[in-house]
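>
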Amino acid sequence: MKEKEDIEQHELVTQLKQGDKKSFDLLYTNYSSALYGVVYRILQTEDAATDVMQETFVKIWKKIDSFDENKGRLYTWMLNIARNTAIDKVRKLKREGRVEIQTFENFVSNSTIHQTSMSVDHLGVKEVVEQLDEEYKIIIDYLYFGGYTQQEVSDELDIPLGTVKTRARTAMKKLRKILTNFIFWI
């Protein structure tokens with residue numbers, strides 16, 4: 000199953016790098032909902048999320064040549080672009096005095112996802128993260144669901160940056176192992 004996904008990803012990336020607009024439409028159709036869910040959770044406003052989504056896909060289109068299949072999955076690469084673009088937007092709005100960065104507690108309790116988007120919970124990722132030990136789970140919550148940088152997590156939790164980086168790396172290894180075991184059950 001993984002081999003087939005790799006072949007499909009390779010073909011899609013090859014077509015995108017050749018400038019095939021139909022492949023880009025397919026990419027947008029298949030991934031925009033999931034990316035929108037992440038972007039919306041960070042920004043908390045539909046207008047800003049829509050703007051960031053447009054900017055994200057323009058960046059994906061322009062930077063597709065920099066994507067290296069040997070370094071990771073296409074979705075992960077796009078997710079990082081979307082997440083970083085959303086964080087940059089929050090910082091810009093904060094500098095302009097138009098938004099206040101959500102605290103983690105407010106972010107989790109008040110967050111709602113646009114009804115047409117696919118949230119991370121629909122993907123089942125949240126359930127997998129719940130299997131981690133608390134010290135790893137909180138790092139993943141801040142970094143991937145809260146949109147925090149590693150430095151911001153370090154400051155927020157009052158722990159050394161190196162500890163945040165180590166826990167994030169360890170958590171990702173544990174998640175990879177959990178997901179690999181899950182795939183073998185399917």
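If you count the sequence shown from 1, position 24 lands on 23 in numbering that gives the first Met the number 0, and the numbers rise without skipping. A virtual CB, placed ideally from N, CA and C, is assigned to each residue, including glycine. Note that this is a predicted model, so its numbers are computed, not measured.
Taking 8 Å as the threshold (C-beta atoms), are threonine 55 and threonine 234 in contact?
A query on residue 234 cannot be resolved here, the shown segment of the chain reaching from 0 to 185 and no further.
> Please report how far the alpha carbon of serine 65 lies from the alpha carbon of serine 31, in whole angstroms.
Position 66 of the sequence shown, counted from the first residue, corresponds to residue 65. Position 32 of the sequence shown, counted from the first residue, corresponds to residue 31. Each residue's alpha carbon lies about 20 Å from the other.
> Measuring alpha carbon to alpha carbon, tell me which residue in Trp60, Lys93, Gln150, Thr169 is nearest glutamate 133.
Position 134 of the sequence shown, counting from 1, holds the residue named residue 133. For glutamate 133, the nearest C-alpha among the options comes from Thr169.
> If we ignore side chains and look at the alpha-carbon of each, how far apart do tyrosine 141 and serine 22 end up?
Here residue 141 refers to the residue found at position 142 of the sequence shown. Here residue 22 refers to the residue found at position 23 of the sequence shown. Distance between the alpha carbons of tyrosine 141 and serine 22 is about 33 Å.
> Helix or strand or just coil, what does DSSP make of glutamine 195?
This structure cannot settle anything about residue 195, because the visible part of the chain is limited to 0 through 185.
> Taking the C-alpha atoms as reference points, what is the distance between leucine 92 and valine 152?
Residue mapping note: residue 92 aligns to position 93 of the sequence shown, counting from 1. Residue mapping note: residue 152 aligns to position 153 of the sequence shown, counting from 1. Going from the Cα of leucine 92 to the Cα of valine 152 covers about 20 Å.
> Would you decide whether arginine 166 is buried or exposed? Buried here means 16 or more other CB atoms lie within 10 Å of its CB.
Here residue 166 refers to the residue found at position 167 when the sequence shown is read from its first residue. Arginine 166 is buried by the Cβ-count criterion.
> Enumerate in chain order the residues of its own chain whose CB-to-CB distance from threonine 49 is below 6 Å, with the five nearest sequence positions on each side excluded.
Mapped onto the sequence shown, residue 49 falls at position 50. Here the set comprises nothing.
> So, helix, strand or coil for leucine 131, using DSSP?
On the sequence shown, residue 131 is found 132 positions in, with the first residue counted as 1. Leucine 131 falls in the coil class under three-state DSSP.
> Looking at the secondary structure, which residues open and close the alpha helix (DSSP H) in which glutamate 151 lies?
Locating residue 151 in the sequence shown gives position 152, where the first residue counts as 1. 149-156 is the extent of the alpha helix (DSSP H) around glutamate 151.
> By the three-class DSSP mapping on this structure, what secondary structure does phenylalanine 192 have?
An answer regarding residue 192 cannot be provided, because it is not within the stretch 0 to 185 covered by the chain.
> Terminal residues of the continuous alpha helix (DSSP H) containing asparagine 83?
Taking the sequence shown and counting its residues from 1, the one referred to as residue 83 is at position 84. From DSSP, the alpha helix (DSSP H) with asparagine 83 extends over 73-94.
> Using three-state DSSP, classify phenylalanine 66 as helix, strand or coil.
Start at 1 with the first residue of the sequence shown, and residue 66 comes out as number 67. If DSSP states are grouped into helix, strand and coil, phenylalanine 66 belongs with coil.
> Is lysine 173 closer than 8 Å to leucine 131 when the C-beta atoms are compared?
Against the sequence shown, residue 131 aligns to sequence position 132. Against the sequence shown, residue 173 aligns to sequence position 174. The answer is yes: Cβ separation under 8 Å.
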